[in-house]
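What follows is a single structure, written as structure tokens, with notes after it.
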Amino acid sequence: MMAQCFSGAFANLIYEGGDPEGPVALQTRCGFFATVETRPSVGCTPLVNEADYEDYSSSFFAGLSGRDRVGNPAPSADYDQDGQVTYAEAHAFTKWMRSPLTGRFPPRRHGSSGKPLTRRC
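Written out as structure tokens, the structure is:
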């Protein structure tokens with residue numbers, strides 16, 4: 000998970016030699032990037048109120064942990080209700096939290112059994 004400005008440039012590391020024209024590298028890799036290689040990320044200013052901070056990494060880790068960056072409970076990112084939050088679900092949660100359509104997929108705090116969800120990576 001990379002939240003830095005221009006971090007999307009690191010996505011090329013899935014290719015041999017970092018060349019997107021080359022074959023995919025033999026090593027299994029997974030990456031989540033806050034922005035594309037040509038754009039800055041959010042939070043590049045000292046004037047950010049941490050409680051109002053809405054960036055990719057804050058939402059991603061809130062999806063995994065169930066808590067926002069200041070410790071408040073976050074909606075559940077366990078979309079398939081299996082009691083575990085995957086990286087794919089955390090990414091989907093991040094997109095949902097940052098979307099103008101937020102609310103389209105209702106957040107869940109409990110699994111189908113009614114028990115509180117646990118979070119494991």
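Take 0 as the starting number for the sequence shown in numbering that gives the first Met the number 0 and just add one per residue. Ideal placement from N, C-alpha and C gives every residue a C-beta, glycine not left out. Just so it is clear, the structure is predicted and the values come from calculations on it, not from any experiment.
Listed as beta-bridge partners of F32 by DSSP are M1. Excluding five sequence positions before and after Q3, the CB atoms of its chain that fall closer than 8 Å to its own CB belong to A33 and S40, given in chain order. Non-local C-beta neighbours of E15 in its own chain, meaning closer than 6 Å and more than five positions away in sequence, comprise G21, P22 and A24, ordered along the chain. For F5, the closest of A61, F60, E36 and G62 by C-alpha to C-alpha distance is E36.
The alpha-carbon separation between P74 and A10 amounts to approximately 28 Å. In the three-state DSSP reduction, Y14 falls in the strand class (E or B). Residue pairing by DSSP puts V23 in a beta bridge opposite Y14. Per DSSP, R68 has no beta bridge partner at all.
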